[in-house]
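Student: In the working numbering, the protein residues as written are -17 to 293. Glycine included, each C-beta is placed from N, C-alpha and C at the ideal position.
#1: Can you tell me which of the three DSSP states residue 169 falls into?
#2: From residue 287 to residue 281, what does the alpha carbon distance come to, in whole angstroms?
#3: What is the DSSP secondary structure of residue 159, reduced to helix, strand or coil?
#4: Classify residue 82 as helix, strand or coil using the three-state DSSP reduction.
#5: Quick one: is residue 221 buried, meaning 16 or more other Cβ sit within 10 Å of its Cβ, or exposed?
#6: Here's a check: name, in chain order, each residue in its chain whose Cβ is nearer than 7 Å to the Cβ of residue 148, leaving out the five neighbours to either side.
#7: Along the chain, where does the beta strand (DSSP E) that runs through residue 218 open and close?
#8: Tell me which same chain residues have a C-beta within less than 6 Å of the C-beta of residue 3, skipping the five on either side of it?
#9: For the beta strand (DSSP E) containing residue 199, name the first residue and the last one.
#10: Spatial neighbours of residue 51 within its chain, please: C-beta separation below 7 Å, excluding the five flanking residues on both sides.
#11: How do the region 249 to 256 and the region 206 to 225 stand: do at least 3 beta-carbon pairs fall below 8 Å, yes or no?
#12: Quick check: the Cα distance between residue 291 and residue 151, rounded to an integer number of angstroms?
#13: Using 8 Å as the cut-off, can you tell me whether the region 118 to 133 makes contact with the region 162 to 170, which would need three or more C-beta pairs spanning the two stretches below that distance?
#14: Rounded to whole angstroms, how far is the Cβ of residue 200 from the Cβ of residue 145, which I believe are closer than 8 Å?
#15: Give the secondary structure of residue 183 by DSSP, where H, G and I count as helix, E and B as strand, and everything else as coil.
#16: Kindly indicate which residue of 105, 100, 106 and 125 has the alpha-carbon position closest to the one of residue 112.
#17: Can you tell me where the beta strand (DSSP E) holding residue 44 begins and where it ends?
#18: Since residue 58 and residue 92 should fall inside the 8 Å C-beta cutoff, what is the C-beta to C-beta distance between them, to a whole number of angstroms?
#19: With a Cβ-Cβ cutoff of 7 Å, do residue 163 and residue 198 count as a contact?
#20: Helix, strand or coil for residue 100 per DSSP?
#21: For residue 31 versus residue 42, is the C-beta distance shorter than 7 Å?
#22: Residue 15 and residue 217 look like a contact to me (Cβ under 8 Å); what is the Cβ gap, rounded to whole Å?
#23: Just to confirm before moving on: does the CB-CB distance between residue 297 and residue 98 stay below 7 Å?
#24: Closer than 7 Å by C-beta to residue 239: which residues in its own chain qualify, once you throw out the five before and the five after it? Chain order, please.
#25: Look at the Cβ atom of residue 160, then the Cβ atom of residue 141, and state whether they are nearer than 7 Å.
#26: Based on Cα-Cα distance, which residue from 106, 122, 104 and 25 lies nearest to residue 62?
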């Protein structure tokens, strides 16, 4: 099993790895697809850009108003204390109101705006979210209506099904819009680049769940609308499978290798400042391969192929 110290290290480097990954994948802001502050994406879906561009969030967090009537469902809330976002949200609402909120996962750029939005709503509304299994009490827990996989939120013109898709985070959910056969993917799949994950094993399972839904379009948590969902999801799966094959190849014929040994073999073309993010990716792959019994951890951070099974 992976040792507790290494689990601690995973937590401490996770944010840094996330930052590094986004910088690498985004190609810097000037190469990203421009997004308007407010975009009418369909008769029942409006995107409001979170006004929080960064290497974490690309051009910003996408939030969405959904429904055909006066009472809208808001999917995700952006970050806290961003007046420009609240102004854009008010403009997009017009005379309409927010009747409920769906949260895709616990990250601050998706939940941080909740208190600011509740101020403009000026009343208690349900905030639907899947509970984090990795903490006893999470921030804002007193505001959440915790729900299970498959929970349905309805408003005029829209039926929204929350589907558990852990991996990016353990509480992650995507939202399927039945009237359009479209999907709000949170950070499971991005409009540009690739996402990062807390648990690769569950993340890969979640990508297959997305494939099985066969959405006609994906509205991601960051980046532009994905108009070829099957191609995008398949690309994500292929990318991770290729990396896994590289790691297994490294271990062939070796008595053992450490996670950093593997990182140095697989990531030969990156400088030292980026190695920590690559190391975190490798450790996620190793955790998945251990669960699948494709490798063995013979002692702390020493891995070898499991030659007793074929794959």
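Tutor: According to the data block:
#1: coil
#2: Roughly 13 Å between the two C-alpha positions.
#3: Residue state, collapsed to three classes: strand.
#4: Correct three-state label for residue 82: strand.
#5: exposed
#6: 154, 181, 184 and 188
#7: From DSSP, residue 218 is part of no beta strand (DSSP E) but of the alpha helix (DSSP H) over 211 to 233.
#8: The predicted position of residue 3 is uncertain, since its pLDDT is 41 and thus under 50; no value can be drawn from it.
#9: 199 to 202
#10: Around residue 51: 137, 138 and 139.
#11: By the Cβ rule, the region 249 to 256 does not count as touching the region 206 to 225, because fewer than three pairs are nearer than 8 Å.
#12: 30 Å
#13: Three or more Cβ pairs closer than 8 Å define a contact, and the region 118 to 133 falls short of that threshold against the region 162 to 170.
#14: That pair is no contact at about 13 Å.
#15: helix
#16: 125
#17: From DSSP, the beta strand (DSSP E) with residue 44 extends over 44 to 48.
#18: Contact between residue 58 and residue 92 holds, since their C-beta atoms are separated by about 5 Å, short of 8 Å.
#19: Result yes, Cβ atoms of residue 163 and residue 198 sit closer than 7 Å.
#20: helix
#21: yes
#22: Not confirmed; about 16 Å, so no contact.
#23: Outside the displayed span of the chain (-17 to 293) sits residue 297, for which this structure offers no information.
#24: 232, 233 and 285
#25: yes
#26: Of the candidates 106, 122, 104 and 25, the one whose C-alpha sits nearest the C-alpha of residue 62 is 122.
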